[in-house]
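To start, the structure itself, in structure tokens.
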Amino acid sequence: MGSNSDETIIENEDAPTYAPSIPVPNVQEMVRKEPAKIPDRYIRNDEDKPPITDMSHLSSEIPVINLSLLSTGETEELNKLDFACKEWGFFQVVNHGIAKEVLQNMKDATAEFFELPLEEKNKYEMPPDDIQGYGHAYVVSEEQKLDWSDALILLVHPSHYRKPKLWPSTPKGYREIINAYTKGVQKVGEQLLRAFSTVMGMDKDGLLALHKNLLQALRVNYYPACCRPDQVLGISPHSDTSSITILMQEADINGLQIRHNGGWVQVKPVPDALVVNVGDVIEILSNGKYKSIEHRAVTNQNNSRISYASFLIPQDDVEIEPLAHLVDSQRLMYKQVVYGEYARSSMQRKMEGKAHTEIAKIET
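This is the structure in structure tokens:
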């Protein structure tokens, strides 16, 4: 990669920090030492536990969109996008243009990283004032229930916001692999935001211009197997503070569930597809026409699982409010928020459904 290698990126003193998180035990290590034990802090109340009712038959109804057709403005795919955002808040994209090899390299190298000894991974430990690095985010009190997962979180784009000391250098070439994968995701994100602009009645570059600079953060989640998966959650129910989120799943292990019609529906992996969901930013801009949907991750008894979530977000100082032409005769639902303030206020509280979107709502 020559002079563009991540190794040569100089640490930027102005790189943003986001929110502190209280240190908690490493789940993978805990399971390795005592696989048959679940500490109380992870056991969910009955209303939070994975439900008995099975809605997996609805998985096949989650829209699958062809990005190459969407990007050429194909009416049918644009209509499908509009439907997906109104009815589901989630969809899967195929023909997204990221090479299979790039996706596989990311999966292989990441699996290798999580198998490293804890002391090696802890070289990239989250600092006390931020959620970037290896560890746990959104832990704000000693009382809250903890998620059955560990994470590696990095701000990847623009490159001058990176904190190279938090980017793992093991396994060999991992930084370059992350770079190649997230570059591909950035391109997919830009194409998707152009399509969103079109279905939201804007000039096709309208949303990208509004973002000023399209930032991308990557969160890699590691969910160890659990002896009692019915007692824990891999990640608590939440909506994303992003504009859109692009997720790569394991090919053959279910774990992601989305809230739909009062229940939870599995998002079954489609081969080589990426899962996309509407974030809070699009909900606010669309005045609630498109909603960011609660989702969560469940665990299983036999296999660990890794997921790769890329959050595409506006620059900190961007002011987000409903687009005038989408309010029209409807009641104005959201007030103006400054994105950086909105995002940080949500990170300073535990993940709790859509509670943080109340900050942006106009009180009735």
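One point on numbering: in the numbering used here, the residue at position 171 of the sequence shown is 171, and numbering is uninterrupted. The beta-carbon is built from N, C-alpha and C at its ideal position, and this holds for glycine as well.
A residue is called buried when at least 16 other Cβ atoms come within 10 angstroms of its Cβ; V64 does not meet this threshold and is exposed.
The Cβ atoms of S286 and M200 lie closer than 8 Å to each other. Restricted to the stretch 261-286, the alpha helix (DSSP H) segments that are unbroken, complete and at least 4 residues in length are 280-285, listed in chain order. Taking all protein chains in view, the Cβ of R41 is surrounded by fewer than 16 other Cβ atoms within 10 Å, so the residue is classified as exposed. With three or more CB-CB distances shorter than 8 Å, the stretch 239-256 counts as touching the stretch 271-283. About 7 Å separates the CB atoms of L154 and A217; that is less than 8 Å, so the two are in contact. Per DSSP, Q186 is one residue of the alpha helix (DSSP H) stretching across 174-199. Listed in chain order, the non-local C-beta contacts of N105 below 8 Å within the same chain comprise I177, A180, Y181, local neighbours out to five positions each way being set aside.
Here the stretch 61-75 does not lie against the stretch 227-241, with fewer than 3 beta-carbon pairs under 8 Å apart.
Bounds of the alpha helix (DSSP H) holding N105 are 100-114. Here E125 carries a strand assignment [DSSP, helix/strand/coil]. With a contact defined as Cβ atoms closer than 8 Å, T357 and S239 qualify at about 7 Å.
When only Cα atoms are considered, S149 and V318 end up about 32 Å apart.
In the pairwise beta carbon analysis, the stretch 324-340 is classified as not touching the stretch 257-268: fewer than three pairs are separated by under 8 Å.
According to the DSSP assignment, H238 belongs to the beta strand (DSSP E) that extends over 235-238. For V220, the enclosing beta strand (DSSP E) covers residues 215-223. In the DSSP annotation of this structure, the continuous segment of the alpha helix (DSSP H) that includes G206 starts and ends at 206-211. Taking C-beta separations shorter than 8 Å and ignoring five residues to either side along the sequence, the partners of V94 in its chain run V64, I65, N66, L67, V270, D272, A273, following chain order. The continuous beta strand (DSSP E) containing A297 extends over residues 295-297. Here V139 is near V24, since their CB atoms are less than 8 Å apart. The beta carbon of A343 sits closer than 6 Å to those of T241, all from its chain and outside the five residues before and after it, given in chain order. With at least 16 other beta carbons inside 10 angstroms of its own, G184 counts as buried. The DSSP-derived three-state label of T245 is strand.
For H157, the enclosing beta strand (DSSP E) starts and ends at 150-157. Take L166, set aside five residues on each side of it, and the residues of its chain with a beta-carbon closer than 7 Å to its own are Y124, Q132, G133, L154, in chain order.
DSSP places A84 in the uninterrupted alpha helix (DSSP H) bounded by 75-87. For R228, there is no enclosing beta strand (DSSP E), since its DSSP letter is neither H nor E. Taking C-beta atoms as the reference points, Y308 and Q28 fail to come closer than 8 Å.
Taking R296 as reference, the option from Q266, F311, N303, E143 with the minimal CA-CA separation is Q266. Bounds of the alpha helix (DSSP H) holding L326 are 324-327. Under the three-state reduction of DSSP output, Y138 falls in the coil class, being neither helix nor strand.
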